[in-house]
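Trainee: Before I ask anything, here is the structure I am working with.
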Amino acid sequence: MEQLLNGVALGALLMVLSSGLAMIYGLRGVANFAHGALYMLGAYLAYTVTERIGFGLALLVVPIALALVGVVLELVFFRPLQHRSHIELGLVTFGLAMMGERLVTLIWGEGTLRVLPPEFLQGTTSILGSDYPTYRLAIIVIALVMAAVLVLLLRFTTIGLHIRSASQDIETAAIMGIDANRVSLIVVSVGSALAGLAGTLAAPYISLNPGMGDVFLITSLIVVVVGGVGSIAGAMVAGMGVGIIQTIGAVYLPSFAVLLPYVLLVVVLLWRPQGLAGRKV
Amino acid sequence: MTLYSTPDTDAVVAAENRPKALHRNRKGRGIGLAIGAGLLLIGLVVPYVVNDNFTMSLLVTSSLMSLMALGIGFLARYLGLFSLGHGAFYGCAAYAVAIATTNWGWGPLPAVIFGTVFGALVALIIGVLVVRASGFGFLMLTLALSQALYQMSNQTVMRPLTGAHDGKLITYTGNATFFGLSMSDMMDPGLFWPVAWVALVVTGVILWLFGRSRFGTTLEGIRENEERMRFSGFNTFRPRLAAFVLTGAAASLGGALFALNVGYISPDILSFGKAGDSLVAALIGGLGTLVGPVLGTFLFVYAQANFNFGGNIHLLTGVLLIVVLVFAPGGITGALTKPYRYWRAKLTQRGKGAEK
């Protein structure tokens, strides 16, 4: 039971992170390699804000700060380079990821840092007879709420409709009168904000070190591929699935667990190359 | 034929017509081989000119890494595929050499052959999974699978083979020699240089010949319009896989020789950063030409050794990568050959005008 909840907690984080990645991919056709760096930046900013003011505020401030970073990304890189090949743009984000890791080290140092959750979330809560850290429950609740809000926004608002149509076919959407640049600005900043939120939520759960972005980036790239490239719902389902499988796997096959996401990737590729929810291109 | 050919399918037409043009470029091949032989001889003089051991070791490392960059460049040029996975073949081959010599007591030469074959085999297995993908799929999958190998090499279960986090020190049984080089000679950059340089030039020439052959033209056709190539009766999966394994073998040779030269393998060789380094170096050098990736790698290794203030090399290469991609997508060689290409295009245009 406890392990299952751990899996759900990791899965919830992956859901939030991967849905941002999938949204940007759908719209700009670019797998944002800097997403891991954004997540890491979110976690480190959360550390600083928590030290100065408090964790509650970090939950609010960090996503906003990351949304601004997203705006910069869109205006400086994605928009001016949108007519270049997608690969080139992707490699630009790879360059950003390389820089990000180093910048974080320069600002916050190489050592590992810890963030403490607020006091009322520090204890344990009893669920079905077993004690479980309250903070992890909070992660699950916040992340699931965010995911639900995102789904509702995408399904039932005008801008959500625009985002979905633009990620299906950006050119046709533009012909139909949708301002693709505006939609993209929103998507990239929301995607970055979600990465920031995931980083903030993860900060008290893991220890911060400059390599943390890479691991998560690769896992969430796997999630996006498994879920079906460009499919937000697919990424969410796959994120939760990968989180649970990896955590449960760690219990039963300790030395094999880190490889599980990769095995899953290979299996899905052989069985369904376009991903679980992907359309045949 | 001209009725249907649009500029982007020129290569397809060329592939379809290839059998007729088979004997046309004999002369060009002779010139190329002569240049290769010349480079080979010039390179062999280098240890007599450069007396400084540090520079020499940088040159050896550059040559070995260039083997990987050559492979990445070949894939990018002929198939338009960008690989983050060649570091994996480089690393696997290095580990294979270390395991063959240290655990099984093989001599260096069989170990290098084993390492190269093993790396190529890994490339075959990964290739079957990834070469169907194109563009981003390929980039992400090569990254993910090479990271899987990195994780695997780090597992405690693998300790007897790879040494896990501690890395692996290579030892030989008895007085093993490699082309007359003893163990300490192999680690001497001046003495090891001919091996590295010959491997680089020969591999470069081989890849160049493959690029000019029918195989290369087929690959270009697949790059431009895979569907049309299929309609024309080409199997498009096998050439892609063959190209992937060929370039993987080049990277593996580099890794196998690297293992001999350094004598110690750390799991870092398979890491995320390393996987990117070579692609970045190739991009900065320029993917449009054969020498671009090699030039990029030499510059990269030099910069890494000399401008690595407090470990900021990735910050600098990140900035440089973005600058190159945004302002000079052809890389350094692309920027250098631009005036030449412009001039040649002008001349041929004028020639065509005169014909009319």
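Quick note, the sequences are listed as chains S and C, same order.
For the first sequence, counting from 1, position 168 maps to 167 in numbering that gives the first Met the number 0; every step adds exactly one.
For the second sequence, counting from 1, position 236 maps to 235 in numbering that gives the first Met the number 0; every step adds exactly one.
Each residue gets a CB set at the ideal place from its N, CA and C atoms; glycine is no exception.
(1) Does any CB atom of chain S fall closer than 9 Å to the CB of Ile321(C)?
(2) Please report how far the alpha carbon of Phe256(S) lies from the alpha carbon of Leu16(S), in whole angstroms.
(3) DSSP state of Phe230(C), grouped into three classes?
(4) With a 10 Å radius around its C-beta and 16 neighbouring C-beta atoms as the bar for buried, classify Pro260(S) as buried or exposed.
(5) Can you find the residues in the same chain that come closer than 6 Å, C-beta to C-beta, to Leu38(C), ignoring five residues on each side of it along the sequence?
(6) 9 Å is my cut-off, CB to CB: does Phe243(C) come that close to chain S?
(7) Kindly say whether Glu170(S), judged by its beta-carbon, lies nearer than 9 Å to any beta-carbon of chain C.
(8) Between which two residues does the alpha helix (DSSP H) carrying Asp168(S) extend?
(9) For the alpha helix (DSSP H) containing Ser56(C), list its first residue and its last residue.
(10) What are the complete alpha helix (DSSP H) segments, minimum 4 residues, inside the segment 272-310 of chain C?
(11) According to DSSP, is Leu200(S) part of a helix, a strand, or is it coil?
(12) By the three-class DSSP mapping on this structure, what secondary structure does Pro328(C) have?
(13) Please classify Ile86(S): does DSSP put it in a helix, a strand, or coil?
(14) Using a C-beta to C-beta distance shorter than 7 Å, which residues of chain S count as neighbours of Asn311(C)?
(15) Taking only beta-carbon atoms, is Pro188(C) less than 9 Å away from chain S?
(16) Check the DSSP bridge columns for Asp130(S) and list the partner residues they point to.
(17) Does the separation of the CB atoms of Leu282(C) and Val325(C) fall below 9 Å?
(18) Which residues share a DSSP beta bridge with Lys167(C)?
(19) So, does the CB of Leu314(C) fall closer than 9 Å to a CB anywhere in chain S?
(20) Counting only Cβ pairs nearer than 8 Å, list the residues of chain C close to Tyr261(S).
(21) Please report whether the beta-carbon of Glu34(S) lies at a distance below 9 Å from any beta-carbon of chain C.
(22) Would DSSP call Leu199(C) helix, strand or coil?
(23) Exposed or buried, what is Thr104(S) when buried is set at 16 or more other beta-carbons lying within 10 Å of its beta-carbon?
(24) To the nearest angstrom, report how far apart Ser84(S) and Gly285(C) are at their CA atoms.
(25) List the residues of chain C that Ala30(S) touches, going by C-beta distances under 7 Å, in chain order.
(26) Could you check what DSSP says for Phe177(C) in three-state terms: helix, strand or coil?
(27) Under 9 Å between C-beta atoms, does Phe93(S) make it to chain C?
(28) Am I right that His118(C) and Gly254(C) are in contact with their C-beta atoms under 8 Å? What's the rounded C-beta distance?
(29) Check whether the segment 24-34 of chain S and the segment 198-207 of chain S touch, using three or more Cβ-Cβ pairs below 8 Å as the test.
(30) Would you list the residues sitting across from Leu112(S) in a DSSP beta bridge?
(31) Closest to Val194(C) by CA distance: which of Asn224(C), Leu208(C), Glu223(C), Leu256(C) is it?
(32) For my contact list, Phe209(C) and Leu245(C) are in at a C-beta cut-off of 8 Å; report their separation, rounded to the angstrom.
(33) Rounding to the nearest angstrom, what Cα-Cα distance links Lys279(S) and Tyr46(S) in this structure?
(34) Mind listing the chain S neighbours of Pro266(C)? Cutoff is C-beta to C-beta under 9 Å, in chain order.
(35) Residues of chain C with CB closer than 8 Å to the CB of Met211(S), please, in chain order.
(36) Is DSSP giving Gln245(S) helix, strand or coil here?
Mentor: This is what the structure gives:
(1) yes
(2) For the record, residue 256(S) in the displayed sequence is Ala; it is not Phe. Rounded to whole angstroms, Ala256(S) to Leu16(S) spans 21 Å at the Cα level.
(3) helix
(4) buried
(5) Val200
(6) no
(7) no
(8) Segment: none, Asp168(S) is in no alpha helix (DSSP H) and carries neither H nor E.
(9) 52-78
(10) 290-305
(11) helix
(12) coil
(13) helix
(14) Arg101
(15) no
(16) Ser125(S)
(17) no
(18) Ile264(C)
(19) yes
(20) Ala143, Leu144, Gln146, Ala147, Gln150
(21) Checking the displayed sequence, the identity of residue 34(S) turns out to be His instead of Glu. For His34(S), the answer is no, since every Cβ of chain C falls outside 9 Å of its Cβ.
(22) helix
(23) buried
(24) 16 Å
(25) Phe135, Met139
(26) strand
(27) yes
(28) The amino acid at residue 118(C) is misidentified as His; the sequence shows Gly. Right, their Cβ atoms sit about 6 Å apart.
(29) no
(30) Leu207(S)
(31) Leu256(C)
(32) 7 Å
(33) Residue placement at Lys279(S) is poorly supported in this model, since its pLDDT is 44, which falls under 50; the coordinates are not used for a value here.
(34) None at all; the shortest Cβ gap to chain S is about 13 Å.
(35) Those do not exist, as Met211(S) stays about 12 Å from chain C at its closest Cβ, beyond 8 Å.
(36) helix
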